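Going by the working numbering, the sequence shown opens with residue -13, and the numbers climb by one from there. Okay, structure first, notes after.
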Amino acid sequence: IGKGNIGGKGLSRFLNAEPFKGKPAILETPRDSDDVDMANLKAARELA
-13 IGKGNIGGKG
-3 LSRFLNAEPF
7 KGKPAILETP
17 RDSDDVDMAN
27 LKAARELA
């Protein structure tokens, strides 16, 4: 999360945009391990 083309700032702006704010989201990320999934979830929550 935050390391791809959109970047952390762009993803934060998207997640906090009025039409999406407070709505559930599905983020597709590469499947590496449970630890990486948890780190990605934590990063997304910090950006939202």
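We put the beta carbon where it would ideally sit given N, CA and C, even for glycine. Keep in mind it's a predicted model, so treat the numbers as computed, not measured.
- Query: If you count every other CB in all the chains shown that lies within 10 Å of the CB of Leu27, and 16 or more means buried, which is it?
  - Reply: exposed
Review point. In chain order, what residues of the same chain have a beta carbon less than 7 Å from the beta carbon of Ala29, not counting five sequence neighbours either side?
Key: Ile(-13) and Gly(-12)
- Within its chain, find whatever has a CB closer than 8 Å to the CB of Leu1; leave out the 5 residues flanking it on each side and keep chain order. Lys7, Ala11, Ala30, Leu33 and Ala34
* **Helix, strand or coil at Asn35 according to DSSP, with G and I counted as helix** => Here the chain covers residues -13 to 34 and nothing more, so residue 35 does not appear.
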